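Visitor:
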Amino acid sequence: MIQLFAPGRICLFGDHQDYLGLPVIACAIDKGIYLKAAKNDDFIFRISLPDINKKRIIVLDNNFSTDNVIDYYLKTLEVLKPLGCEFNIGYDIEINGDLPINAGLSSSSAIVVVWTTFLLQAFGNHLNITPELIAKLCYRIEVLEYKSSGGLMDQYTISIGNLLFLNTVNGDYELLPKPNISFVIGESGIPKETLSVLKNLRSFAQQAIEIVQSKFPEFRIENSKLLDYEKYNHLLSDELKPIFYAAIKNYHITKEANKEFCKNDIDIVKVGNLMNEHHYELQHNLKITVPIIDNMIDGALNNNALGAKIVGSGGGGCIVAICTKDNEQKVIQGIINSGAKSAYKVEINKGVSVI
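Rendered as structure tokens:
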């Protein structure tokens with residue numbers, strides 16, 4: 015029997031930054047996706063997905079073509095086979111979890127990570143299996159192979175775990191100390207709109223940067239300062255101005271948050287204020303929230319949360335609020351009273367692991 019766990023993830027700082035090659039601060043949480051597998055004699059993978067009431071059979075005939083359809087299960091087999099993984103043993107597999115689906119906590123990436131890790135554990139013992147290898151493979155499988163609009167935050171955070179300051183250009187990361195802060199998740203119950211939101215905002219942000227660079231080739235978003243918006247905004251249309259400003263402002267906020275997380279004595283009030291600033295950009299300039307999310311944010315902040323923000327691509331999904339330990343239940347109740355489907359505390363967790 016092989017049993018694995020892949021955590022969900024929260025982006026604390028840097029939403030809509032990783033696809034621009036800008037850093038993020040994200041953490042793995044203690045809710046996620048579980049996989050258990052036992053060998054069978056049928057030369058097939060018999061996969062049970064009870065959370066969505068589906069079953070699937072993959073015949074191990076070495077033909078793992080996806081026929082241009084997004085299929086992460088087959089794509090993983092296709093990617094791992096040239097690495098020397100010989101899929102010559104069948105397994106009965108169950109995959110389930112306690113993460114909300116399509117809610118901004120990266121349940122889909124957690125499935126890719128736990129599936130990839132299972133295949134490496136079962137068929138890749140000749141490889142040096144590290145969290146970094148798993149992250150790189152999953153990023154390739156989920157993003158590069160399908161030319162997705164996302165970045166690498168999800169796969170790296172889930173594979174490596176803990177609290178990370180992540181360089182989204184090359185996957186380098188710094189493990190940050192766990193702060194003495196409580197994290198509360200609020201679920202709106204409204205599905206997020208990942209693909210359309212990511213595609214549009216990424217396109218607009220890249221277009222704005224390219225316009226500025228066409229006049230000022232020396233401009234680089236990774237070297238930008240807050241004053242750069244005033245210097246360059248006259249080049250942009252009214253539609254692109256807020257998106258360009260949000261890219262610069264959120265980058266500045268993420269760097270300031272990282273400085274605070276690296277301190278021995280973290281100013282949690284400052285971290286909360288930075289989170290609120292980040293959410294303001296996501297709400298007013300990137301416009302990725304909906305009324306229920308706005309109400310949940312207000313419900314958290316009006317009940318002593320230090321900071322709160324939407325999590326994920328936007329259009330629905332979840333929020334995260336930070337608070338002191340003695341205010342956890344008050345914040346949870348405030349979010350629920352604001353119309354949330356549910357709210358609960360989560361802990362920072364390690365990355366994908368064998369149980």
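Taking our numbering, the leading residue of the sequence shown gets 15, the next gets one more, and so forth.
Don't be surprised by glycine CBs; every beta carbon is placed ideally from N, CA and C.
Quick caveat, the model's predicted, so the values are computed rather than measured.
Which whole-angstrom value describes the C-beta separation of N363 and I155, a residue pair presumed to lie in contact below a C-beta threshold of 8 Å?
Guide: No, N363 and I155 are not in contact; Cβ-Cβ is about 22 Å, not under 8 Å.
Visitor: Per DSSP, which residues does L177 bridge with? Please list them.
Guide: L177 is bridged to C41.
Visitor: I'd like to know whether the C-beta atoms of I349 and M289 end up nearer to each other than 9 Å.
Guide: No, the Cβ-Cβ distance between I349 and M289 is not below 9 Å.
Visitor: Looking at the structure shown, is S202 part of a helix, part of a strand, or coil, going by DSSP?
Guide: Looking at S202 - three-state DSSP - the assignment turns out to be coil, as it is neither helix nor strand.
Visitor: Would a C-beta distance cut-off of 9 Å place G46 and L97 closer than the cut-off?
Guide: no
Visitor: I need the straight-line Cα distance from V394 to L141, nearest angstrom please.
Guide: Shown here, the chain extends from 15 to 369; a query on residue 394 therefore has no answer.
Visitor: Buried or exposed: which applies to R23, given that a residue is buried once 16 or more other Cβ atoms fall within 10 Å of its Cβ?
Guide: buried
Visitor: Please specify which runs of the alpha helix (DSSP H), each continuous and at least 4 residues long, are wholly inside the segment 266-341, giving them in chain order.
Guide: 282-294, 305-315
Visitor: When burial is assigned at 16 or more other CB atoms within 10 Å of the CB, is H293 buried or exposed?
Guide: buried
Visitor: Considering only residues of the segment 111-199, which uninterrupted alpha helix (DSSP H) runs meet the minimum length of 4 residues and lie entirely inside it, listed in chain order?
Guide: 121-137, 145-153, 167-174
Visitor: Where does the unbroken beta strand (DSSP E) through L26 begin, and where does it stop?
Guide: 16-27
Visitor: I'd like the span of the alpha helix (DSSP H) that includes L63, first residue to last.
Guide: It is not in any alpha helix (DSSP H) - L63 instead sits in the beta strand (DSSP E) that spans 58-63.
Visitor: For D168 and T182, I'd like the C-alpha separation in whole angstroms.
Guide: Rounded to whole angstroms, D168 to T182 spans 10 Å at the Cα level.
Visitor: Whose C-beta lies closer than 6 Å to the C-beta of P193 among residues of the same chain, with five residues either side of it excluded?
Guide: I280
Visitor: Could you check what DSSP says for E253 in three-state terms: helix, strand or coil?
Guide: coil
Visitor: Buried or exposed for K323, please, with buried defined as at least 16 other CB atoms from any protein chain shown within 10 angstroms of its CB.
Guide: Its Cβ being crowded by 16 or more others within 10 Å, K323 is buried.
Visitor: Taking 9 Å as the cut-off, decide whether the C-beta atoms of K359 and G203 are in contact.
Guide: no
Visitor: Just reading off the beta strand (DSSP E) that Y358 is part of, what are its end residues?
Guide: Counting along the chain, the unbroken beta strand (DSSP E) around Y358 starts and ends at 356-360.
Visitor: Please report the straight-line C-alpha distance between R60 and I103, rounded to a whole angstrom.
Guide: 12 Å
Visitor: Measuring alpha carbon to alpha carbon, tell me which of I109, L94, T268 ends up nearest K69.
Guide: Of the residues I109, L94, T268, the one whose Cα lies closest to the Cα of K69 is I109.
Visitor: Quick one: grab the DSSP three-state call for G104.
Guide: Collapsing the DSSP output to three states places G104 in a strand.
Visitor: Out of curiosity, what's the CA-to-CA distance linking I346 and T90?
Guide: 38 Å
Visitor: What first and last residue would you give for the alpha helix (DSSP H) that runs through K89?
Guide: 86-94
Visitor: Hey, quick one: how far does the beta strand (DSSP E) through K69 stretch, first residue to last?
Guide: 68-73
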